[in-house]
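Residue numbering for the sequence shown follows full-length UniProt numbering, beginning at 437 and increasing consecutively.
Heads up, the beta-carbon is just placed ideally off N, CA and C, and yes, glycines get one too.
Predicted, not measured: the structure shown is a model, and the values here were computed from it.
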Amino acid sequence: SAKERGKARYEVFDRSMHTRAIKRLHIENDLRRGIERKEFAVYYQPITSLSTGKISGFEALARWHHPERGFVSPGEFIPIAEETELIIPLGNWLLEEACQQLRKWQIKYPEYSPIKVSVNLSGKQLREPTLIQQIDCILAKTQLPPNSLKLEITESILMENLETATQTLLDLRQKKIQLSIDDFGTGYSSLSYLHRFPVDTLKIDRSFISEMKSGQENSAIVKAIITLAHMLNMDVIAEGIENMAQLEQLKILKCEHGQGYFFSRPLSREEAEKLIASSPQW
Ligand code: C2E
Ligand code: MG
Ligand code: MG
Ligand code: MG
């Protein structure tokens, strides 16, 4: 009967909710332990200048090598780290690690020193009253010039924290730290707010780039986003470039930078260093 089917559906629903809750709890406990045992690593994905082909920076991306479960993707653990406040120690660790690494590369390969490192900032971190002090402390400790650090904040996080975010961004800007809006196009920005954010760079979300080959429509959107960014004095990074056709179109549209598997996957510290050392044309 319909009633029985309904009941069965509820049971399935309950069971899957329960399973999810248990899984969460496991991840949370593991996360806590993982931070203590230093199971995390920073991977570096190159960001390439589309006009010169040179590497202009790296995005630092968190990786978790779980002792039993193997590789756990940031899409899985970052949201849980956020909800449990564990993102604060984890985020600070990541930031320090990335700043320290870039500083080492700047010293070892001085001719490449204009490269920057981009680090993702979560909503929790953005709302943390001591964020600026923590960043100051990390920059002082690692001796990284503030303008070599770029912070990425997603469009949705910005929109959810309009008042606090704008002031924090102004404070960071004043310290010469660079700022990017990440995943642009997915966060339902009211365009009237965009010019108020003191940001240097707009990153077009991967979803728009992946659709570019198939239709004119998405190219038109990408074109509009690039034009808008340029009018607001921002430069543009296209995320998720996977093929030559996308790259060619983006060059025509005067997009400044690209990031994606077409250039490189995120690399371990050792692999990234090999890439730096072997790049002839910096
Ligand atoms: P994101 O900041 O937008 O980072 C870009 C994501 O796109 C990365 O996924 C990267 O590996 C992936 N990607 C880059 N190029 C391509 C491509 O050509 N094709 C495809 N299919 N994917 C590409 P990842 O490393 O899995 O990170 C996912 C998200 O997790 C990040 O998105 C970011 O929002 C978050 N995340 C990663 N590390 C951190 C972190 O240290 N702190 C915070 N708060 N969030 C982080
Ligand atoms: Mg990012
Ligand atoms: Mg992104
Ligand atoms: Mg993204």
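Span of the alpha helix (DSSP H) around residue i
i, result
"residue 598", "598 to 610"
"residue 620", "Here residue 620 belongs to no alpha helix (DSSP H); instead the beta strand (DSSP E) covers 614 to 620."
"residue 689", "First-last for residue 689: undefined, no H or E at that position."
"residue 628", "627 to 630"
Extent of the continuous beta strand (DSSP E) to which residue i belongs
i, result
"residue 586", "585 to 590"
"residue 714", "Per DSSP, residue 714 belongs to no beta strand (DSSP E); it is in the alpha helix (DSSP H), 705 to 714."
"residue 476", "476 to 485"
"residue 638", "637 to 640"
heavy atom of ligand 2 below 7 Å from residue i C-beta
i, result
"residue 636", "no"
"residue 512", "no"
"residue 533", "no"
"residue 588", "yes"
Proximity test, residue i beta-carbon vs ligand 1 heavy atom, cut-off 7 Å
i, result
"residue 496", "yes"
"residue 675", "yes"
"residue 597", "no"
"residue 485", "no"
"residue 678", "yes"
"residue 697", "yes"
Near ligand 3: residue i beta-carbon under 7 Å from a heavy atom
i, result
"residue 618", "yes"
"residue 577", "no"
"residue 459", "no"
Alpha-carbon to alpha-carbon, residue j and residue i
i, j, result
"residue 486", "residue 451", "50 Å"
"residue 516", "residue 507", "16 Å"
"residue 494", "residue 598", "27 Å"
"residue 555", "residue 588", "6 Å"
"residue 490", "residue 477", "25 Å"
"residue 648", "residue 658", "8 Å"
"residue 501", "residue 479", "12 Å"
"residue 463", "residue 454", "14 Å"
"residue 636", "residue 686", "19 Å"
"residue 559", "residue 531", "15 Å"
"residue 682", "residue 534", "29 Å"
"residue 561", "residue 688", "37 Å"
"residue 656", "residue 512", "32 Å"
"residue 633", "residue 605", "7 Å"
"residue 505", "residue 471", "15 Å"
"residue 529", "residue 668", "33 Å"
"residue 519", "residue 628", "30 Å"
"residue 699", "residue 459", "35 Å"
"residue 585", "residue 578", "11 Å"
"residue 710", "residue 704", "10 Å"
"residue 524", "residue 536", "18 Å"
"residue 527", "residue 557", "8 Å"
"residue 601", "residue 607", "10 Å"
Whole-number beta carbon distance between residue j and residue i, since they are thought to touch under 8 Å
i, j, result
"residue 678", "residue 696", "6 Å"
"residue 503", "residue 475", "7 Å"
"residue 620", "residue 596", "That pair is no contact at about 15 Å."
Checklist line | Start-end ranges of the alpha helix (DSSP H) lying completely within the segment 493 to 568, minimum 4 residues | finding: 510 to 519, 523 to 544, 559 to 563
Margin query: For a minimum of 3 consecutive residues, which ranges assigned as the beta strand (DSSP E) are wholly contained in the segment 648 to 682?
Written below: 671 to 674
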